[in-house]
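These notes are about the structure you will find just below.
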Amino acid sequence: MSEKRIEAKWQIGDVVEAVGMDGARLLAEAGLHCAGCAMARGETLEQGCRAHGFTDAEIKALVDGLNALPRVRKG
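29 is the number of the first residue of the sequence shown in this note's numbering; add one for each residue after it.
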């Protein structure tokens with residue numbers, strides 16, 4: 029069975045759990061320092077991106093980058 033693709037509707041904490049510190053670094057490089065934020069468990073990746081002014085294209089590019097990372101936890 030294949031792994032589920034990360035989607036913008038995933039909670040940030042679930043994204044970081046799936047791709048680990050590489051994902052946290054990618055988020056930070058994009059300007060989202062969410063991995064250690066209290067909102068990581070209550071906010072989706074899309075909500076966090078929107079709060080930081082991301083466009084649809086930027087969100088898609090970030091999700092694609094996260095999906096390119098190796099998984100540390102099966103999702």
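In this text, a Cβ means the ideal position worked out from N, Cα and C, and glycines have one as well. If you're wondering where the values come from, they're calculated on a predicted model, not measured in any experiment.
(request) Enumerate, from N- to C-terminal direction, the unbroken alpha helix (DSSP H) stretches of 4 or more residues contained entirely within the segment 59-85. (result) 73-79
(message) Here's the rule I'm using: 16 or more other beta-carbon atoms within 10 Å means buried, otherwise exposed. How should residue 51 be labelled?
(response) Position 23 of the sequence shown, counted from the first residue, corresponds to residue 51. It counts as buried.
(request) Tell whether a beta-carbon distance below 8 Å holds between residue 41 and residue 78. (result) Counted from its first residue, the sequence shown places residue 41 at position 13. Counted from its first residue, the sequence shown places residue 78 at position 50. Taking 8 Å as the Cβ cut-off, residue 41 and residue 78 do not qualify as a contacting pair.
(message) Report the CB separation of residue 47 from residue 99 in whole angstroms; it is logged as a contact under 8 Å.
(response) Residue mapping note: residue 47 aligns to position 19 of the sequence shown, counting from 1. Residue mapping note: residue 99 aligns to position 71 of the sequence shown, counting from 1. About 6 Å; that satisfies the 8 Å criterion.
(message) Could you tell me the alpha carbon to alpha carbon distance between residue 54 and residue 94, rounded to whole angstroms?
(response) Counting from one through the sequence shown, the residue named residue 54 turns up at place 26. Counting from one through the sequence shown, the residue named residue 94 turns up at place 66. Their Cα atoms are separated by approximately 7 Å.
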